[in-house]
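Quick note, the sequence shown lines up with residues 462 to 736 if you use my numbering. We put the CB at the ideal spot given by N, CA and C, even for glycine.
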Amino acid sequence: MIDLHTHSTESDGTCTPSELIDLAVLRGIDTIALTDHDTCAGLDEARKKADKKGINFIPGIELEISFKPGEFHLLGLNIINWKDGLDSALIEIMNKRLERNLKMVQLINDSGIELDYSEVIDEAHGQVIGRPHFASLLVKKKIVKNTLKAFEKYLAAGRPFHIEKEALSLEEGIKLIKQAGGHPVIAHPMSLFLSWGKMPERMEYWKEVGVEGIEVWHSGTKIKNCLRLEEIADKLGLFKTGGSDFHGDNRKDRPLGLGAGGREIPIDPLIPFPV
């Protein structure tokens, strides 16, 4: 079994990097990638544990790319040299995230709701801080009934507490990943909100820019769409990957090691690194 898209407590998962590897062993996974959002902080711990347990570890990351109308996430797989420049670039990304979070706190306070940033830090439990943590606090303060309502009323785009996140351009993301020795892969393409008429043309252009693969087997994608994505990848000569997008208890609908339809993720021999 293989899983090339997972998250730990270093971003927005609930398993530590070591616990993630332990769970992978229990699930019978042979190869696993840790791809936390905008951070490489868990890679050393996960790699050491994977070596100890005798499973193949792929160091990775998930970067957010500036894009509309949907969300564009770029996986960097096999970033074996992440300490040679990528780490410093991620510090800048985290500083921009901090600026955004502090502006959100100010908006919340200006609305009459008392919120200190230290509360948000405590709510995150060491994770990369984002809107879900603000949503949880709004629930705890009984401003809304649940986190869905928090987004609908306050945190989604166009709502009172929303501030657009400053993201990387695709060219910047690809450059960072390749400098680290990695391979850029478009994560969960359905979140791009592109029509099937536009998808092949965009994928072809992104390949010219430097994208090398598509995550065709994602746990949140319908099988019929996975097959269409496979066709696009094969036609364009992009390699295919798959992952659960595991977040632990934060996303119980995404079990480790399983992709679309609750199936095991196929291992594609064209992946340009050892699996």
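Review point. Below 8 angstroms, can you find three or more Cβ-Cβ pairs linking the region 668-685 to the region 704-721?
Key: Yes, they touch.
Check your understanding: If you compare alpha carbons, which of A511, G643, V672, A641 is closest to P650?
Key -> Your numbering for residue 650 matches position 189 in the sequence shown. Looking only at A511, G643, V672, A641, the smallest Cα-Cα distance to P650 is reached by V672.
Point to revise | Cβ pair count under 8 angstroms reaching 3, the region 568-576 against the region 606-623 | key: Counting Cβ pairs under 8 angstroms, three or more are found: they touch.
Exercise for review: Check K626 in the structure and name its three-state DSSP category.
Suggested key: Stepping through the sequence shown from its first residue, residue 626 is reached at position 165. Correct three-state label for K626: coil.
Practice item. List the endpoints of the continuous alpha helix (DSSP H) containing I569. Key: As a working mapping, residue 569 is identified with position 108 in the sequence shown. Where I569 is concerned, the enclosing alpha helix (DSSP H) stretches over 547-571.
Point to revise | Minimum length 4: unbroken alpha helix (DSSP H) runs contained in the region 574-619 | key: Listed in chain order, they are 578-585, 592-601, 608-611.
**Study point:** Bridge partners - K701, DSSP secondary structure assignment
**Key:** The residue labelled residue 701 in the question sits at position 240 within the sequence shown. Within the DSSP bridge table, the entry for K701 names I675 as partners.
Review point. Rounded to a whole number of angstroms, what is the C-alpha to C-alpha distance between M462 and G474?
Key: Indexing the sequence shown from 1 puts residue 462 at position 1. Indexing the sequence shown from 1 puts residue 474 at position 13. Approximately 21 angstroms, taken between the alpha carbons.
Point to revise | Cβ neighbours of F707 in the same chain (closer than 6 angstroms, five flanking residues each side left out) | key: Mapped onto the sequence shown, residue 707 falls at position 246. Excluding residues within five positions, the ones whose Cβ falls inside 6 angstroms are T467, R715, L717.
Point to revise | the region 627-643 contacting the region 520-532, beta-carbon criterion three pairs below 8 angstroms | key: yes
Review point. Taking three-plus beta-carbon pairs below 8 angstroms as touching, is the region 485-493 in contact with the region 586-601?
Key: no
Practice item. State the DSSP-derived secondary structure class of L487, mapped to helix, strand or coil. Key: Counting from one through the sequence shown, the residue named residue 487 turns up at place 26. The answer is helix: DSSP assigns L487 an H, G or I state.
**Study point:** Other residues of its chain near F516: CB distance less than 8 angstroms, five sequence neighbours each side excluded
**Key:** Within the sequence shown, the letter at position 55 stands for residue 516. First, the amino acid is wrong: residue 516 is Ile here, not Phe. Excluding positions up to five away in sequence, the list reads I482, A485, V486, I490, D491, T492, I493.
Point to revise | Straight-line gap, R488 to D464 (C-alpha atoms, nearest Å) | key: Here residue 488 is taken as the residue at index 27 of the sequence shown, counted from 1. Here residue 464 is taken as the residue at index 3 of the sequence shown, counted from 1. Computed Cα separation, rounded: 11 angstroms.
Point to revise | A648 - containing beta strand (DSSP E), residue span | key: Indexing the sequence shown from 1 puts residue 648 at position 187. Premise fails: A648 is in no beta strand (DSSP E) and is neither H nor E.
Check your understanding: In its own chain, which residues sit with a C-beta less than 6 angstroms from the C-beta of I693, not counting the 5 before and 5 after it?
Key -> Start at 1 with the first residue of the sequence shown, and residue 693 comes out as number 232. Cβ within range, chain order: P661, M664.
Review point. Roughly how many whole angstroms lie between the Cα atoms of T477 and G591?
Key: Taking the sequence shown and counting its residues from 1, the one referred to as residue 477 is at position 16. Taking the sequence shown and counting its residues from 1, the one referred to as residue 591 is at position 130. In a straight line, the C-alpha of T477 is about 18 angstroms away from that of G591.
**Study point:** Reduced DSSP category for N711 - H, G, I as helix; E, B as strand; rest coil
**Key:** The sequence position of residue 711 within the sequence shown is 250, counting from 1. Helix at N711.
Check your understanding: Do the CB positions of F654 and M565 come within less than 8 angstroms of each other?
Key -> Within the sequence shown, residue 654 is the residue found at index 193, counting from 1. Within the sequence shown, residue 565 is the residue found at index 104, counting from 1. Against a cut-off of 8 angstroms, the Cβ pair of M565 and F654 comes out as no contact.
Review point. For W657, does the count of other Cβ atoms within 10 angstroms reach 16, so buried, or fall short, so exposed?
Key: Residue numbering aside, residue 657 sits at position 196 when the sequence shown is read from its first letter. Classification of W657: exposed, given that the 10 Å Cβ count is below 16.
Check your understanding: According to DSSP, which residues form a beta bridge with L739?
Key -> The question about residue 739 has no answer here: the residues shown for the chain are numbered 462 through 736.
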